[in-house]
Ligand code: SF4
């Protein structure tokens, strides 16, 4: 017997899986003592309670609440009027922390900061710009990762980043410190305001990775003592810009 | 590999005592365990209480959570089917496994196909349930738990004792000893030093591993996405760095939409750790896209039955499938707080484990044992964010056991297991005495008597009782006496006394200087 190729094996597994899928569903219906449900059932309890869906904070409240929540999770929040201020902050931090490697997403808002010009002694890499580069290793050695948040949520104190070719998941995960720039108009009150967009985008409209980040990586596994930065970034700066 | 024949390495190396009572004796000998379990669970429970109060409308959210879970399970064939189809459209390879053996076989086959040398894992109760680490090691694949607590107990060759805090039973000196051995140098027993070592060590492992393996908190039917909640970032590592990702998921993990996730994301972290949201909440929809620079090239999801579908259509146990594995019932349970997780002897501990383990194993003769280690006080139900009536289920389990003729071993369905455990400790024997009165009175809404008696009502249940069985009648009488149906409300005087006793106990502990802060 010749060795089955991986593709062939995957195909055979898929055939198996589809057959079993039918058996699974038929078995579920039989146990529930009714025929198979093939049409979408009405779901009267979809999403959060009604009162909550109407809940909204003003812009000022959103900023205050995001700040309070993010800080109480151990993160740092700064308010900036514009991107110039954000740039000055990043340059200062990089110098102050003696950062040698910085990794940023490949997005125009960050490119226009022209960080490499200000930070002569720091190597600033841009995610996925050179196909030969070992990007995961670059991320793993980075002192600071810089991202633009796709959303932020005041109520839970969370930043959301979506993956793409230019926005690697590693950028917000592997560096020791993370700086996330949040354009103010992306700051929502509730989690549901962000999640609804993913429902609307549907199966074909989602990126591979959607990540909500609510502070520095933490663990309480050693004697319930809070430890910061056990795997992900131990320091997280959220810059609210606008 | 059958459910019962499958033991992890640690279990077969130092054979576990057979009954809950004996296991509890072991747990009780470990002074640190008792303190740690109580300290942590109380802290988590208080945190939960605060988080629930802060959020407001908690009952409304709980009810919403329950309704979403009920709806999904009632239409599980539709939603699970939809999930599988959408996940395939994302490029995920979906597998169905009716038994644990099938799931293990598929996972091993993938590992062999990929010629994997190592697997990095983030916390997954399902892989524990399947003893997958042992299976992978049997084909020479190194398996590394990357959750800090899981990593520690893996080094110790043990099994987790708490769903949320697996290494709750280890102190930092024991941890320093374990990690020093791993480091080949002496590490000081300081949290930051120990965690720093683990960060460096595991970072290498993440980068060189061939396969990343995860569990799944929720699977979103409408988009075929899987959602993970975590605080450390290791689940993100595991789903970002290795070329192949394998996710093991119980068939009941489904929710319909991302909008429904808002409810689960509100209930789960608050109930588990008192957080508004875990540090990371990640939704993964398929392998990396064509031009992405990271994320797995190949992603597999293995959907597992392994006894779960048995609960479908069973009026007494179907709601078990609503469980979101938050651990709140463990923290609420006075028995768990006292004896810790290892005494339960199964993958799932505490009140949920007491019901789930026998339900998944269909293993009647073990039922009494574990169900006996409960005070039936109803605290687990009160704590449960999706309102699973665990205390009712414990009664059903006891009844079924008696019906199937295993009752003679228990001698009356009362609190024998619990009583034996509590009698071990003088301080707790006081609590116990009050507890005995309290448990009768705490029976919620008269739930137990009205659902279990009068006897003629039993004909409505799926399994006809064997009324001829003498031990059954004796047992029933015992249960009736234990659960005096006239005392539904807890006497406020007794409640006050219990509260005072608990407060006093807390104070004693503080003065005794448990030294955890
Ligand atoms: S039974 Fe309820 S409280 Fe216990 S783990 Fe499951 S969801 Fe949480």
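Protein chains in written order, with our numbering: chain E, 1 to 242; chain X, 1 to 517.
No residue lacks a Cβ here, since even glycine has one placed at the ideal position from N, Cα and C.
- If you draw a 10 Å sphere on the C-beta of residue 69(E), you find 16 or more other C-beta atoms in it, and that means buried.
- Two segments are said to touch when three or more pairs of C-beta atoms, one from each, lie closer than 8 Å; by this definition the stretch 218-228 of chain X touches the stretch 275-292 of chain X.
- Taking 6 Å as the cut-off, one finds at least one heavy atom of ligand 1 near enough to the beta carbon of residue 328(X).
- Rounded to whole angstroms, the separation of the alpha carbons of residue 138(X) and residue 191(X) is 33 Å.
- Judged by their CB atoms, residue 129(X) and residue 347(X) are nearer to each other than the 7 Å cut-off.
- Contact of residue 281(X) with chain E is assigned, a C-beta pair being separated by under 7 Å.
- Counted as a single uninterrupted DSSP element, the alpha helix (DSSP H) harbouring residue 206(X) occupies residues 191-208.
- Residue contact check for residue 258(X) against chain E: a CB pair falls below 7 Å.
- The beta carbon of residue 196(E) sits closer than 6 Å to none of the beta carbons in its chain outside the five residues before and after it.
- For residue 180(E), there is no enclosing alpha helix (DSSP H); the enclosing beta strand (DSSP E) covers residues 177-183.
- Look at residue 227(X) here: in three-state DSSP terms it is strand.
- Using a Cβ-Cβ cut-off of 7 Å, residue 121(E) is close to nothing in chain X; its nearest Cβ partner there is about 25 Å away.
- DSSP places residue 240(X) in the uninterrupted alpha helix (DSSP H) bounded by 234-240.
- Residue 352(X) counts as buried, since no fewer than 16 other beta carbons sit within 10 angstroms of its beta carbon.
- The beta strand (DSSP E) runs of length 3 or more contained entirely in the stretch 256-335 of chain X are, from start to end of the chain, 280-284 and 298-304.
- For residue 55(E), the secondary structure class from DSSP, reduced to helix, strand or coil, is coil.
- If the five residues before and after residue 217(E) are omitted, its C-beta is found closer than 8 Å to the C-beta atoms of 228, 229, 230, 231, 232, 233 and 234, all from its own chain and listed in chain order.
- Cα atoms of residue 111(E) and residue 206(X): separation of roughly 30 Å, rounded to the nearest angstrom.
- Close to chain X, meaning a Cβ-Cβ distance shorter than 7 Å, is no residue of the stretch 79-94 of chain E at all.
- Of the heavy atoms belonging to ligand 1, none sits nearer than 6 Å to the Cβ of residue 263(X).
- Close to residue 67(E), with beta-carbon spacing below 8 Å, lies no residue of chain X; the smallest spacing is near 14 Å.
- DSSP places residue 97(E) outside both helix and strand once states are collapsed to three, so it counts as coil.
- Per DSSP, the unbroken beta strand (DSSP E) holding residue 126(E) starts and ends at 123-126.
- For a cut-off of 8 Å, the C-beta gap from residue 107(X) to residue 301(X) is around 11 Å, too long to register as a contact.
- Pairwise C-beta distances place the stretch 297-311 of chain X in contact with the stretch 81-93 of chain X, as three or more of them are shorter than 8 Å.
- Checking the DSSP bridge columns, you'll see residue 151(E) partnered with 160(E).
- At a cut-off of 7 Å between beta-carbon atoms, residue 175(X) makes contact with chain E.
- Judged by DSSP secondary structure, residue 109(E) falls outside any beta strand (DSSP E) and instead within the alpha helix (DSSP H) spanning 108-111.
- When C-beta distances to chain X are compared with 8 Å, every residue of the stretch 53-65 of chain E stays at or above that value.
- Distances from the CA of residue 169(E) to each of 183(X), 292(X), 309(X) and 81(X) were compared; the closest alpha carbon is that of 292(X).
- For residue 117(E), the uninterrupted alpha helix (DSSP H) run begins and ends at 115-118, by DSSP.
- Beta-bridge annotation (DSSP): residue 250(X) is paired with 304(X).
- Neighbours of residue 246(X) in chain E, taken as residues at a C-beta separation under 7 Å, are lacking, since the least C-beta distance is about 13 Å.
- By the rule that beta-carbons nearer than 7 Å mark a contact, residue 381(X) does not touch chain E.
- Interface annotation, residue 71(E): not in contact with chain X, CB-CB separation never under 7 Å.
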